[in-house]
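Asker: Mind looking over this structure? Questions follow.
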Amino acid sequence: MAAVFKISQPGRPNLILKVCSRKEDFLRGSYFLSYFANKIPVPKIIQLIEPEIGLDAAVLMECVQGDLLKSEAITKDLAQVVGSLLASIHLEHAEGCGDLTDRLV
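Here the sequence shown is numbered in our numbering, starting from 4 and rising by one per residue.
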């Protein structure tokens with residue numbers, strides 16, 4: 004679970020700050036954003052804030068412009084794009100099975 008904040012600054016691009024209360028969520032999210040950065044469109048990581056005692060972890064990333072996808076907005080062309088991206092993800096080879104975040108600790 005994470006709290007997500009949009010950061011708006013005059014004259015600068017919007018950013019997203021994702022604050023993760025669980026270390027595993029932070030590790031998973033930052034791992035996959037980094038892993039898929041040059042493979043599919045994902046937000047660029049600006050800064051990773053590692054968890055510390057008494058301090059939650061966070062990911063500061065670019066804000067991708069767009070709208071929340073609603074079922075009535077789905078077209079055949081959009082379904083094709085989403086399906087193609089999912090296929091790209093599923094063609095990737097994992098380093099192992101299960102939750103790989105235990106190797107990141």
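The beta carbon of each residue, even a glycine, is placed where N, CA and C say it ideally should be.
What is the DSSP secondary structure of I56, reduced to helix, strand or coil?
Answerer: The residue given as residue 56 occupies position 53 in the sequence shown. In the structure shown, I56 sits in coil (DSSP, three-state: anything other than H, G, I, E or B).
Asker: Under 9 Å, do K21 and S91 count as touching if we go by C-beta distance?
Answerer: Residue numbering aside, residue 21 sits at position 18 when the sequence shown is read from its first letter. Residue numbering aside, residue 91 sits at position 88 when the sequence shown is read from its first letter. Their beta carbons are not under 9 Å apart, which means K21 does not touch S91 by this criterion.
Asker: Hey, could you find the ends of the beta strand (DSSP E) K26 is sitting in?
Answerer: Start at 1 with the first residue of the sequence shown, and residue 26 comes out as number 23. It is not in any beta strand (DSSP E) - K26 instead sits in the alpha helix (DSSP H) that spans 26 to 38.
Asker: For S74, which residues in the same chain have their Cβ closer than 6 Å to its Cβ, ignoring the five residues on either side in sequence?
Answerer: Translated into the one-based positions of the sequence shown, residue 74 becomes position 71. Close CB contacts of S74 within its chain, under the 6 Å cut and outside five residues either way in sequence, are absent.
Asker: DSSP three-state call for E75: helix, strand or coil?
Answerer: Position 72 of the sequence shown, counting from 1, holds the residue named residue 75. In this structure, E75 counts as helix in the three-state DSSP scheme.
Asker: So is G86 buried or exposed if we call it buried at 16+ other beta carbons inside 10 Å?
Answerer: Walking along the sequence shown from the start, residue 86 turns up at place 83. Exposed: under 16 other Cβ atoms inside 10 Å.
Asker: Helix, strand or coil: how does DSSP classify V45 here?
Answerer: As a position in the sequence shown, residue 45 is number 42, starting the count at 1. If DSSP states are grouped into helix, strand and coil, V45 belongs with coil.
Asker: Out of G69, S11, A40, point me to the one whose CA is closest to L88's CA.
Answerer: Sequence index remark: in the sequence shown, residue 88 carries index 85 (1-based). The residue with the shortest Cα to Cα distance from L88 is A40.
Asker: My output table needs one value for V62: the three-state DSSP class, helix, strand or coil.
Answerer: Translated into positions along the sequence shown, residue 62 becomes position 59. In the structure shown, V62 sits in a strand (DSSP, three-state: E or B).
Asker: Given this structure, state the Cα-to-Cα distance separating E98 from S37, to the nearest angstrom.
Answerer: Locating residue 98 in the sequence shown gives position 95, counting from the first residue. Locating residue 37 in the sequence shown gives position 34, counting from the first residue. So the alpha carbons of these two residues sit roughly 15 Å apart.
Asker: Any idea if A6 is buried or exposed, counting beta-carbon neighbours within 10 angstroms, 16 or more meaning buried?
Answerer: Here residue 6 is taken as the residue at index 3 of the sequence shown, counted from 1. The residue in question, A6, is exposed, as its Cβ has fewer than 16 Cβ neighbours within 10 Å.
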